[in-house]
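**Student:**
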Amino acid sequence: MNRRTLLAGAVLALGLAGQGMAQDEPVKAGFIFVGPIGDGGWTYEHNQARLAVEEHFGDKVETVFQESVPEGADAERAMTQMALGGADIIFTTSFGYMDPTINVAKKFPDVKFEHATGYKQADNVATYSARFYEGRAIEGLIAGKMTKTNKVGYIGSFPIPEVIRGINSAYIHAKKANPEVEFNVVWAYTWFDPAKEADAAQALIEQGADVIIQHTDSTAPLAAAEKAGDVIGFGQASDMAEYKPSPRVSSIIDNWAPYYIERIQAVMDGTWESGNTWDGIGPGMVEIGEITEAVPAEVKEEALALKESIASGEYHPFTGPLNKQDGSAWLAEGETADDGTLAGMDFYVEGLTGEIPN
Amino acid sequence: MRLEKRPQPSRLWTAVTPVLAVLLTMLVGGIMFALLDTPPLEAIRTIFWDPVFGEFAFYYRGQLLVKAGPLILIAIGLSLGFRAGIWNIGAEGQYIMGAICGAAVGLAFYPMEARWMIFPLMVLAGGLGGWAWAMIPAVLKVRFGTNEILVSLMLVYVAEAFLASVSQGLLKNPEGMGFPGSRNLQQYPSAANHELIAGTGMHWGVVAALIAVIFAYVLLARHLQGFNIRLTGEAPRAARFAGVQPARIIVFCLGTAGALAGMAGLFEVAGPAGQITIDFNSGYGFTAIIVAFLGRLHPVGILLAGLLMALTYIGGEAAQSTLGLPGASIQLLQGMLLFFLLATDVFTNYRIRIGQGARA
Numbered sequence: 105m106n107r108r109t110l111l112a113g114a115v116l117a118l119g120l121a122g123q124g125m126a127q128d129e130p131v132k133a134g135f136i137f138v139g140p141i142g143d144g145g146w147t148y149e150h151n152q153a154r155l156a157v158e159e160h161f162g163d164k165v166e167t168v169f170q171e172s173v174p175e176g177a178d179a180e181r182a183m184t185q186m187a188l189g190g191a192d193i194i195f196t197t198s199f200g201y202m203d204p205t206i207n208v209a210k211k212f213p214d215v216k217f218e219h220a221t222g223y224k225q226a227d228n229v230a231t232y233s234a235r236f237y238e239g240r241a242i243e244g245l246i247a248g249k250m251t252k253t254n255k256v257g258y259i260g261s262f263p264i265p266e267v268i269r270g271i272n273s274a275y276i277h278a279k280k281a282n283p284e285v286e287f288n289v290v291w292a293y294t295w296f297d298p299a300k301e302a303d304a305a306q307a308l309i310e311q312g313a314d315v316i317i318q319h320t321d322s323t324a325p326l327a328a329a330e331k332a333g334d335v336i337g338f339g340q341a342s343d344m345a346e347y348k349p350s351p352r353v354s355s356i357i358d359n360w361a362p363y364y365i366e367r368i369q370a371v372m373d374g375t376w377e378s379g380n381t382w383d384g385i386g387p388g389m390v391e392i393g394e395i396t397e398a399v400p401a402e403v404k405e406e407a408l409a410l411k412e413s414i415a416s417g418e419y420h421p422f423t424g425p426l427n428k429q430d431g432s433a434w435l436a437e438g439e440t441a442d443d444g445t446l447a448g449m450d451f452y453v454e455g456l457t458g459e460i461p462n
Numbered sequence: 027m028r029l030e031k032r033p034q035p036s037r038l039w040t041a042v043t044p045v046l047a048v049l050l051t052m053l054v055g056g057i058m059f060a061l062l063d064t065p066p067l068e069a070i071r072t073i074f075w076d077p078v079f080g081e082f083a084f085y086y087r088g089q090l091l092v093k094a095g096p097l098i099l100i101a102i103g104l105s106l107g108f109r110a111g112i113w114n115i116g117a118e119g120q121y122i123m124g125a126i127c128g129a130a131v132g133l134a135f136y137p138m139e140a141r142w143m144i145f146p147l148m149v150l151a152g153g154l155g156g157w158a159w160a161m162i163p164a165v166l167k168v169r170f171g172t173n174e175i176l177v178s179l180m181l182v183y184v185a186e187a188f189l190a191s192v193s194q195g196l197l198k199n200p201e202g203m204g205f206p207g208s209r210n211l212q213q214y215p216s217a218a219n220h221e222l223i224a225g226t227g228m229h230w231g232v233v234a235a236l237i238a239v240i241f242a243y244v245l246l247a248r249h250l251q252g253f254n255i256r257l258t259g260e261a262p263r264a265a266r267f268a269g270v271q272p273a274r275i276i277v278f279c280l281g282t283a284g285a286l287a288g289m290a291g292l293f294e295v296a297g298p299a300g301q302i303t304i305d306f307n308s309g310y311g312f313t314a315i316i317v318a319f320l321g322r323l324h325p326v327g328i329l330l331a332g333l334l335m336a337l338t339y340i341g342g343e344a345a346q347s348t349l350g351l352p353g354a355s356i357q358l359l360q361g362m363l364l365f366f367l368l369a370t371d372v373f374t375n376y377r378i379r380i381g382q383g384a385r386a
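Top to bottom, those sequences are chains A and B.
Each residue of the first sequence is one higher than the one before, counting from 105 in my numbering.
Each residue of the second sequence is one higher than the one before, counting from 27 in my numbering.
(1) Can you give me the Cβ contacts of A184 of chain B inside the same chain, cut-off strictly under 8 Å, excluding the 5 residues immediately before and after it?
(2) Where does I316 of chain A fall in DSSP's three states?
(3) Quick one, which of A:A313, A:V165, A:E330, A:T197 has its alpha-carbon nearest Q369 of chain A's?
(4) According to DSSP, which residues form a beta bridge with E286 of chain A?
(5) Taking a Cβ distance cut-off of 9 Å, strictly less, list which residues of the stretch 50-84 of chain B are near chain A, in chain order.
(6) Taking the straight line between their C-alpha atoms, what separation do you get for A110 of chain B and T294 of chain A?
(7) Are S172 of chain A and G134 of chain A close, meaning C-beta to C-beta below 8 Å?
(8) Please determine, among A:I460, A:G438, A:G190, the residue with the shortest C-alpha to C-alpha distance to T167 of chain A.
(9) From D371 of chain B to G107 of chain B, what does the alpha carbon distance come to, in whole angstroms?
(10) Pick helix, strand or coil for F199 of chain A, following the three-state DSSP scheme.
(11) Can you find a CB in chain B that lies within less than 8 Å of the CB of M125 of chain A?
(12) Can you find the residues in the same chain that come closer than 7 Å, C-beta to C-beta, to I380 of chain B, ignoring five residues on each side of it along the sequence?
(13) Look at the alpha carbon of L147 of chain B and the alpha carbon of D450 of chain A, and state the distance between them as a whole number of angstroms.
(14) With 8 Å as the C-beta to C-beta threshold (strictly closer), list the residues of the stretch 344-374 of chain A near chain B in chain order.
(15) Over the uninterrupted beta strand (DSSP E) stretch that includes S354 of chain A, give me the two end residues.
(16) At which residues does the beta strand (DSSP E) containing S233 of chain A begin and terminate?
(17) Using a Cβ-Cβ distance under 8 Å, would D178 of chain A count as near chain B?
(18) By the three-class DSSP mapping on this structure, what secondary structure does Q120 of chain B have?
(19) How about V92 of chain B: is its C-beta nearer than 8 Å to some C-beta of chain A?
(20) When you check each C-beta in the stretch 190-211 of chain B against every C-beta of chain A, which residues fall closer than 7 Å?
(21) Smallest Cα separation from I94 of chain B: which of B:G341, B:L337, B:A238?
(22) Measure the alpha-carbon distance for F241 of chain B versus W157 of chain B and round it to whole angstroms.
(23) L104 of chain B and A290 of chain B: beta carbons closer than 8 Å?
(24) Against chain E, does T43 of chain B count as a neighbour if the rule is that its beta carbon must be under 8 Å from one of theirs?
(25) Drop a sphere of 10 angstroms on the beta-carbon of T231 of chain A, count the other beta-carbons inside from all chains shown, and report buried for 16 or more, exposed for fewer.
(26) Measure from the alpha carbon of E201 of chain B to the alpha carbon of each residue in A:Y223, A:E284, A:D227, then state which is nearest.
(27) Could you please give the first and the last residue of the uninterrupted alpha helix (DSSP H) stretch that includes G297 of chain B?
(28) How about V315 of chain A and M250 of chain A: are their beta carbons less than 8 Å apart?
(29) On the three-state DSSP scale, how would you describe H219 of chain A?
(30) Roughly how many angstroms separate the alpha carbons of P461 of chain A and T221 of chain A, rounded to a whole number?
(31) Is the stretch 158-165 of chain B in contact with the stretch 84-99 of chain B, if contact means three or more CB pairs nearer than 8 Å?
(32) Give the range of the beta strand (DSSP E) segment to which F205 of chain B is assigned.
(33) Taking G424 of chain A and L435 of chain A to be in contact with their CB atoms under 8 Å, please state how far apart those CB atoms are, rounded to whole angstroms.
(34) Return the first residue and the last residue of the beta strand (DSSP E) that E418 of chain A is part of.
(35) Is any beta-carbon of chain A found at less than 8 Å from that of P298 of chain B?
(36) Would you grab the beta carbon distance between S322 of chain A and F338 of chain A for me? Rounded to a whole angstrom, and I think it's under 8 Å.
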């Protein structure tokens, strides 16, 4: 008997054991995190959702997690470890875990996998993500109204569709609020690196930006804005409330708790199915943090109205007429973008300067 | 009580200090775990014992090799330079460049199937890529006397930027829906560096690491070049009088380290990692520096140190997910290992004298 059959045997034994004890054994949910749980942003919110799961289910669930897991071979091992340890469902919370998740899922057909922000599914691999671009529209509106220099600085992480969507959505709505507005995008090539993020914010402020929008996870850009004075920013992934009322004038909060609870419940009920979930403000996966008193009342009102219309489905942040950066037509009057185009978005809309690094 | 320099480094202490450092790490680490409200003995057992002898050892033993392979391969190369007083801190960059060059060769042939030719070419390209990247600090040092520590370290950041660029441009998967990252080499049979025997973790990178250990041992113990390397490190003036050309030693040591690091990168990208991505590198090049010193710059020592370091990684991960220990505490544990090694090293070069002593 070689090692692989041994592995399969162990998996089978665990699977059987899991079924046999389904009544009194708690469901075990594993979480693979890309950053430290104290990052104050992306991973922090996933961990908050994990804690919400524990609170909701009490003794019926047991959660395990591993933080700061590098994407690639290490991730594969971390997932295998959890699956061998008896996890029933494993949430892998970063785009780079896509291939490792698929690989491990093949070896453990009885374990359910949930991969965040990816596009590869399997019978036991579901994907989920949030429509952060809906929140970006509101940030864009506030940025356009608030800027005095007409220069908005944008800290991008990586030039991937999710980030490009956010830039486009923020720009479209900033431009509507203030036709004079200009965006300056810098790429930090990291999701979480306070030193690099602070440098990026500093550089943008020196170039005249008085609003900073960030698509990176630490609070360093807000700290830089606070130090510069007269510069505002937004909480990213998490509320970042400690920078209220200014520089943090609002925030996009990722709320994964309802989804995690729903999916774990499905495992308990035996009704779990693979699929792709992409929720926004309406179902509550994306929340807009309190708009502080640093924002004039009428701007706040306008922002909240925009939020309402997005939540109700009455308005789509990508509604034509919209052209691509090169001037070619993208959406006709009244036409809205389809999810396929949004998922693979690799172009700027008309008016944005600079190129997407390639 | 005072320290007295030994006329010669103690051979006994050279062998004892790594073991002592491990024991001290377990002790202080245990205290730290206790302070974190984790049963210390259980934590130590999970990290140092379970991966090798525990319930799931059949899986972890293979993973130990996967993790130790690149560490050993890189550390062997570094140790040659360190012995000669040439401080290549940029193995991480050489590792990245090797991976990029090797993967690029493989991807260039996609989807042609000819493993007998493609895989060896990739290994060659990987080694060359790392070698070329290491030649930059080597040539600058030989020609202009620049500091190889700074140059090689800075080139890591250049390599990282290059990695980000190719994963979004030159090597981007055309079927990847616009997301950065290359095709997955694991799914391309002619280029994949699969396990040689399923479940053992033994891939070509591990084989290469073992060969490197043997070659380094023979080189240092039996070969004139090895003698010259040691002489340059221990007595540079004597080396010069003996006709050793420093430039040759510099080029040889940096070149070998670069080539080995580059190959390690190729084996990793074609095997366990699978694809070139923006953050493909995960610090092997830096950790290998610790491994080289923990192994006393001796090939066999490095072999053992690489396995030990891999154990702290794998056991550390297990401790995180089963005992809920924070990731940072595992990094602290690994840091302690080097710290205690350097601290106990004092006894290798010095002895403790109590009282007045003989010296007037």
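Glycine is no exception: its CB is placed at the ideal position from the N, C-alpha and C atoms.
Only a predicted model underlies this, so the values are computations on that prediction, with no experimental measurement involved.
**Tutor:** Judging by the given coordinates:
(1) Start at 1 with the first residue of the second sequence, and residue 184 of chain B comes out as number 158. Here residue 184 of chain B is Val; the residue named in the question, Ala, does not match the sequence. Here the set comprises G119.
(2) The sequence position of residue 316 of chain A within the first sequence is 212, counting from 1. Reduced to three states, the DSSP call for I316 of chain A is strand.
(3) Indexing the first sequence from 1 puts residue 369 of chain A at position 265. The option with the nearest alpha carbon to Q369 of chain A is A:V165.
(4) Translated into the one-based positions of the first sequence, residue 286 of chain A becomes position 182. A:K255, per the DSSP bridge assignment.
(5) Answer in chain order: E81, F82, F84.
(6) To locate residue 110 of chain B, count along the second sequence from 1; it is residue 84. To locate residue 294 of chain A, count along the first sequence from 1; it is residue 190. Roughly 37 Å separates the two Cα atoms.
(7) The sequence position of residue 172 of chain A within the first sequence is 68, counting from 1. The sequence position of residue 134 of chain A within the first sequence is 30, counting from 1. At the C-beta level, S172 of chain A and G134 of chain A stay beyond 8 Å of one another.
(8) Within the first sequence, the letter at position 63 stands for residue 167 of chain A. For the residues A:I460, A:G438, A:G190, the minimum Cα distance to T167 of chain A belongs to A:G190.
(9) In the second sequence, residue 371 of chain B corresponds to position 345, counting from 1. In the second sequence, residue 107 of chain B corresponds to position 81, counting from 1. Between D371 of chain B and G107 of chain B, the C-alpha separation is close to 20 Å.
(10) Against the first sequence, residue 199 of chain A aligns to sequence position 95. F199 of chain A carries a helical assignment under DSSP once its states are collapsed to helix, strand and coil.
(11) In the first sequence, the residue the question calls residue 125 of chain A occupies position 21. Its pLDDT being 44, under 50, M125 of chain A is placed unreliably by the model, and the measurement read from it follows with that caveat. Nearest CB-CB separation between M125 of chain A and chain B: not below the 8 Å threshold.
(12) By one-based count along the second sequence, residue 380 of chain B stands at place 354. Cβ neighbours of I380 of chain B within its own chain (closer than 7 Å, five residues either side excluded): M27.
(13) As a working note, residue 147 of chain B is residue 121 in the second sequence. As a working note, residue 450 of chain A is residue 346 in the first sequence. Their Cα atoms are separated by approximately 34 Å.
(14) Residues are counted here when their Cβ sits less than 8 Å from a Cβ of chain B; for the stretch 344-374 of chain A the count is zero.
(15) Position 250 of the first sequence, counted from the first residue, corresponds to residue 354 of chain A. Here the beta strand (DSSP E) through S354 of chain A covers 352-358.
(16) For this step, residue 233 of chain A is matched to residue 129 along the first sequence. Its beta strand (DSSP E) spans residues 229-234.
(17) Counting from 1 along the first sequence, the entry for residue 178 of chain A is found at position 74. Chain B, which has a Cβ nearer than 8 Å to the Cβ of D178 of chain A, makes this yes.
(18) Start at 1 with the first residue of the second sequence, and residue 120 of chain B comes out as number 94. Reduced to three states, the DSSP call for Q120 of chain B is helix.
(19) Start at 1 with the first residue of the second sequence, and residue 92 of chain B comes out as number 66. So, interface residue.
(20) Cβ contacts with chain A come from A190, Q194, G195, M203, G204, F205, P206, N210.
(21) The sequence position of residue 94 of chain B within the second sequence is 68, counting from 1. Reading off the sequence, residue 94 of chain B comes out as Ala, not Ile. It is B:L337.
(22) Taking the second sequence and counting its residues from 1, one reaches residue 241 of chain B at position 215. Taking the second sequence and counting its residues from 1, one reaches residue 157 of chain B at position 131. Each residue's Cα considered, the two are about 18 Å apart.
(23) Position 78 of the second sequence, counted from the first residue, corresponds to residue 104 of chain B. Position 264 of the second sequence, counted from the first residue, corresponds to residue 290 of chain B. For L104 of chain B and A290 of chain B, no; Cβs fall outside 8 Å.
(24) Considering every chain present, this structure includes no chain E. Its protein chains are A and B.
(25) Position 127 of the first sequence, counted from the start, is the residue given in the question as residue 231 of chain A. Burial call: buried.
(26) As a working note, residue 201 of chain B is residue 175 in the second sequence. E201 of chain B has its Cα closest to that of A:Y223, out of A:Y223, A:E284, A:D227.
(27) Numbered from 1 along the second sequence, position 271 holds the residue referred to as residue 297 of chain B. It is not in any alpha helix (DSSP H) - G297 of chain B carries neither H nor E in the DSSP assignment.
(28) Taking the first sequence and counting its residues from 1, the one referred to as residue 315 of chain A is at position 211. Taking the first sequence and counting its residues from 1, the one referred to as residue 250 of chain A is at position 146. Taking the C-beta atoms as reference points, M250 of chain A is found nearer than 8 Å to V315 of chain A.
(29) Taking the first residue of the first sequence as position 1, residue 219 of chain A is located at position 115. Correct three-state label for H219 of chain A: strand.
(30) Indexing the first sequence from 1 puts residue 461 of chain A at position 357. Indexing the first sequence from 1 puts residue 221 of chain A at position 117. Answer to the nearest angstrom: the Cα atoms are 21 Å apart.
(31) In short, these stretches do not touch, since the Cβ pair count stays below three.
(32) Taking the first residue of the second sequence as 1, we reach residue 205 of chain B at position 179. Per DSSP, F205 of chain B is not a residue of any beta strand (DSSP E), being assigned neither H nor E.
(33) To locate residue 424 of chain A, count along the first sequence from 1; it is residue 320. To locate residue 435 of chain A, count along the first sequence from 1; it is residue 331. About 3 Å separates the beta carbon of G424 of chain A from that of L435 of chain A, a gap short enough to meet the 8 Å contact definition.
(34) Numbered from its first residue, the first sequence carries residue 418 of chain A at position 314. Segment: none, E418 of chain A is in no beta strand (DSSP E) and carries neither H nor E.
(35) Within the second sequence, numbered from 1, the residue matching residue 298 of chain B stands at position 272. Judged by the 8 Å Cβ criterion, P298 of chain B is in contact with chain A.
(36) As a working mapping, residue 322 of chain A is identified with position 218 in the first sequence. As a working mapping, residue 338 of chain A is identified with position 234 in the first sequence. Distance from S322 of chain A to F338 of chain A at the Cβ level is roughly 13 Å; contact not present, criterion being Cβ atoms closer than 8 Å.
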